[in-house]
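Each remark here refers to the structure printed beneath this line.
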Amino acid sequence: MAEDGHEPASAGSNEAGDGESPERLGSQPELLAQMKVLRRQARAARHAYWFPLVLFGLLTCASVPFYVQNVPRGTGVFETSTAVPALPFLGDFPGFLTQGYLAYYWIAALLGGLLATQLWYWWHARRVGLATPARAYLITTTVLLVAAIVIPPLSNVQHPHSLHWLHGLRVLWPGDLVIRGTFPFLIIAVGLLALAWAERSWALTVIGVVYTGTALLASLYDVSNVLYRIGWTVAPGSEALPNVLLPAAVLLLSGAGTFAAQRRHRIAA
Amino acid sequence: MTADQHPTNGLDETVHQRHRLGILTITAEAQRAEFGYLREALGLTPGNLSRHLTVLEEAGLVQVEKGYSGRRPRTWVRITGPGREGLATELTALTELVRRHADRPIS
């Protein structure tokens, strides 16, 4: 008997609780089942991905003012610029769907969101006693954000002949994906898929795939067209908002759903 | 079938013990697990859990990290590469044993 009164799993224990010799094989199905339960419980206790879903949903909602255009009264014409954009991946594009400062908003929002998510997982690990290996998520999102910032200027600047190959970075420009200023959604989407891998969560994988599809739709198609067809006219200057609010709704709804599910599990445990 | 191929040969006595197998299963599921979580999940007392952790640490299957959270001492347990391999081997052997047991005709 161990000092605490907890009998080891099977008879014949020594001081370290070595009770179960390989010769005693009668309880193997039970042992396997117990390990499955322990793994399932640990995974459920560790899961905490509702927070980044809600956080990035709220950050997307907060970006709405940057997507609203000031329409010149009476003309219905937007002014566009022919200047080479500095941060085209993040919304600084010479189109008419986004306005100034959007790129700076997304740099701050993505960096702030990453930091808040890391702090959240650190706090959750201390509270629950199980840490999620969220480093892959941090690295993936940071690399994408840095690439989105660095690639356009590198491929635009007139380099000396020896660095001419940097113009080849234009291959990495994602074409139509950037013209609506919604490319940051795709950075969030890839980050969520990396987080799903770290969390070993099928639910988050499904959410990540659905969100990726929504982010692609928002980047390639004017969602306001669909609203128009069902009789809902979007106010002039607000045409981009459905493209922003649809991905935000996916994040917020899935975040609220997983929060409720994770909370229910913890109460049951 | 030779004796070497029998699934029982895949069982390691250090890993096979129920609580140590539980420790490895939980720590394989996380980047690291806190002493308190392991104690509650496995229904062990601190002394009993410490002894199991010592056995696993001496076998190189887990790493034990001691630190503080404010003034509270905290002990975190992290599974090692050999620990993951040992756990995988053990679970494979157990699954094979169960399969054989299920396939055995009733006499």
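Chains as they are written, first to last, in the numbering used here: chain A, 145 to 413; chain B, 2 to 108.
Idealized CB from N, CA, C, for every residue including glycine.
Computed from a predicted structure; not experimentally measured.
Residue-level contact to chain B via CB, residue i, 9 Å cutoff
| i | result |
| --- | --- |
| A/Thr377 | no |
| A/Leu98 | Since the first residue shown for chain A is 145 and the last is 413, residue 98 of chain A is missing from the structure and cannot be characterised. |
| A/Gly269 | According to the sequence as given, residue 269 of chain A is Ala; it is not Gly. By this cut-off, A/Ala269 is an interface position. |
| A/Arg410 | no |
| A/Pro277 | yes |
| A/Gln172 | yes |
| A/Arg344 | yes |
Cβ of residue i within 9 Å of any chain A Cβ
| i | result |
| --- | --- |
| B/Ile27 | yes |
| B/Leu43 | yes |
| B/Arg75 | yes |
| B/Val99 | yes |
| B/Glu86 | no |
| B/Thr22 | As written in the sequence, residue 22 of chain B is Leu, which differs from the Thr given in the question. Taking Cβ atoms only, chain A reaches closer than 9 Å to B/Leu22, which makes this a yes. |
| B/Leu92 | yes |
Exposed unless 16 or more other CB atoms sit within 10 angstroms - verdict on residue i
| i | result |
| --- | --- |
| B/Leu88 | buried |
| A/Leu307 | exposed |
| B/Arg21 | buried |
| B/Pro83 | exposed |
| B/Ile24 | buried |
| A/Glu343 | buried |
| B/Ala34 | buried |
| B/Gly71 | exposed |
| A/Leu255 | exposed |
| A/Ile283 | exposed |
| B/Asn49 | buried |
| A/His191 | buried |
Separation of residue j from residue i, as counted between CA atoms
| i | j | result |
| --- | --- | --- |
| B/Glu86 | A/Ala400 | 37 Å |
| A/Ser345 | B/Ile80 | 20 Å |
| A/Leu289 | A/Ile251 | 8 Å |
| A/Tyr249 | A/Ile323 | 17 Å |
| A/Ala333 | B/Leu43 | 37 Å |
| A/Leu234 | A/Ile293 | 8 Å |
| A/Gly319 | A/Ser363 | 10 Å |
| A/Val212 | A/Leu298 | 30 Å |
| A/Trp341 | A/Thr356 | 15 Å |
Proximity test, residue i beta-carbon vs the ligand FAD heavy atom, cut-off 8 Å
| i | result |
| --- | --- |
| A/Ile332 | With respect to small molecules bound, the structure shown includes none, and the ligand FAD cannot be examined in it. |
Endpoints, alpha helix (DSSP H) assigned at residue i
| i | result |
| --- | --- |
| B/Ala34 | Careful: B/Ala34 lies outside any alpha helix (DSSP H), inside the beta strand (DSSP E) at Arg33 to Glu35. |
| A/Arg270 | Leu246 to Val272 |
| B/Pro74 | No alpha helix (DSSP H) holds B/Pro74; the beta strand (DSSP E) holding it covers Arg73 to Ile80. |
| A/Glu174 | Gln172 to Arg190 |
| A/Gly357 | Trp346 to Leu364 |
| B/Glu58 | Pro47 to Glu59 |
Within chain A, the residues that residue i reaches when beta carbons sit closer than 9 Å
| i | result |
| --- | --- |
| B/Tyr38 | Ala186, Ala189, Val272, Gly273 and Leu274 |
| B/Glu35 | Ala269, Arg270, Val272, Gly273, Leu274 and Ala275 |
Contacts that residue i makes with chain B (C-beta to C-beta distance below 7 Å)
| i | result |
| --- | --- |
| A/Arg183 | Thr26 and Glu30 |
Closer than 7 Å at the beta carbon, the chain A residues around residue i
| i | result |
| --- | --- |
| B/Leu62 | What B/Leu62 touches in chain A: nothing, since even the nearest Cβ is about 13 Å away. |
| B/Thr96 | Leu176 |
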